[in-house]
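Asks: I have a structure I would like to understand better, so I am pasting it below and will then ask my questions one at a time.
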Amino acid sequence: MILRHPRRNTHLRAAFAAALAAFALAAAPTTAPSDDKASANQAHKQAPEAPEQHADPAYVLDHQVTRIDGKVENLTKYEGKVVLIVNVASQCGYTKQYAGLETLYDKYRDDGLVVLGFPANDFGKQEPGTNQEIREFCRSRFDVSFPMFEKIAVIKGKNQSPLYKDLTDRAKPIGGDPKWNFTKFLVDRSGRVVKRFESNVEPLGPQMTKAIEQLIATEH
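For the sequence shown, position 14 matches number 54 in the working numbering, and the numbering has no gaps at all.
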């Protein structure tokens with residue numbers, strides 16, 4: 041007859057339990073997903089379906105874009121408004137136009153105007169910052185409240201934003217690459233791009249305000 045030593049059995053059971061615990065610990069995830077990653081995944085899940093291409097070739101709001109805070113949205117949500125699309129930059133001689141754009145937006149927003157700002161680093165590398173840095177700059181320096189979007193490329197090339205490809209592929213005087221920061225495209229209530237203003241046209245100048253007021257007075 042074989043006698044089993046009780047202490048040895050106790051040691052064996054303890055060793056087996058320790059091995060099981062170690063295996064369970066190794067199999068568990070070593071790190072929990074970060075809040076930023078979880079938020080990004082949640083935002084992706086909540087992103088709307090991309091809009092279908094519009095039958096009217098003059099229509100320009102059939103694009104999906106990303107806000108400067110990472111939220112994805114369709115430009116079709118702005119149909120029915122007068123839309124001013126502007127490529128912006130933080131270190132440009134025209135950067136002071138942020139103030140005029142904000143005043144313009146504040147003056148006409150209740151009448152149906154919305155200004156959409158698209159930061160771009162295409163001209164003179166004058167928008168080098170991150171989206172967060174651009175957002176803070178706009179808030180602290182100009183108290184910008186109109187919708188701002190993530191940084192994009194606006195001139196022709198493999199990285200050009202689909203929205204700006206649509207805008208620049210059109211016939212002149214609307215089409216063609218923006219010549220510099222703060223080029224402005226004006227869109228009517230039906231979503232059709234109707235005018236282009238170059239960088240030197242002031243947001244509060246008579247040329248701009250007259251065109252906006254004419255579109256505001258037009259029913260969708």
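Just so you know, even glycine gets a beta-carbon here, dropped at the ideal spot from N, CA and C.
Source: prediction; values computed, not measured.
Nearest by alpha-carbon distance to Pro-218: which of Asp-183, Asp-206, His-103 is it?
Replies: Of Asp-183, Asp-206, His-103, the residue nearest in Cα terms is Asp-206.
Asks: Given 8 Å as the limit, is there contact between the region 83-103 and the region 189-199, that is, 3 or more CB pairs closer than that?
Replies: Short answer: they don't touch.
Asks: At what residue ranges does the region 156-203 contain a whole run of the beta strand (DSSP E), taking only runs of 3 or more?
Replies: DSSP runs (the beta strand (DSSP E)) wholly in the region 156-203: none.
Asks: Could you tell me which residues DSSP puts in a beta bridge with Ile-125?
Replies: Answer is Leu-156, Phe-225, bridged to Ile-125.
Asks: For Tyr-134, write down the residues that DSSP places opposite it in a beta bridge.
Replies: DSSP, once it has assigned bridges, lists no residue as partnering Tyr-134.
Asks: Is Gln-93 helix, strand or coil when you go by DSSP?
Replies: Coil, per DSSP.
Asks: Taking Cβ positions, are Ile-108 and Met-188 nearer each other than 8 Å?
Replies: In contact: Ile-108 and Met-188 (Cβ atoms closer than 8 Å).
Asks: Tell me which residues share the same chain as Asp-102 and place their Cβ nearer than 6 Å to its Cβ, disregarding the 5 neighbours each side in the sequence.
Replies: Here the set comprises Pro-91, Gln-93, His-94.
Asks: Which residue marks the beginning of the beta strand (DSSP E) containing Gln-104, and which one marks its end?
Replies: From DSSP, the beta strand (DSSP E) with Gln-104 extends over 104-106.
Asks: Answer yes or no: do Gly-169 and Pro-243 have a C-beta to C-beta separation smaller than 8 Å?
Replies: Contact flag unset, no.
Asks: Look at the Cβ atom of Glu-113, then the Cβ atom of Val-105, and state whether they are nearer than 8 Å.
Replies: Taking 8 Å as the Cβ cut-off, Glu-113 and Val-105 qualify as a contacting pair.
Asks: Could you spell out the range, first to last residue, of the alpha helix (DSSP H) harbouring Glu-238?
Replies: Careful: Glu-238 lies outside any alpha helix (DSSP H) and carries neither H nor E.
Asks: May I have the straight-line CA-CA distance separating Ala-251 from Arg-236, to the nearest angstrom?
Replies: Each residue's alpha carbon lies about 10 Å from the other.
Asks: Just to confirm my understanding: we take Gly-157, look at its own chain, exclude 5 residues before and 5 after, and list those with CB closer than 6 Å. What are they?
Replies: So the list reads Val-126, Val-128, Met-188, once near-sequence residues are dropped.
Asks: Using DSSP's beta-bridge definition, name the partner residues of Glu-113.
Replies: DSSP, once it has assigned bridges, lists Val-105 as partnering Glu-113.
Asks: Quick one: grab the DSSP three-state call for Arg-210.
Replies: Arg-210: coil per DSSP, three-state reduction.
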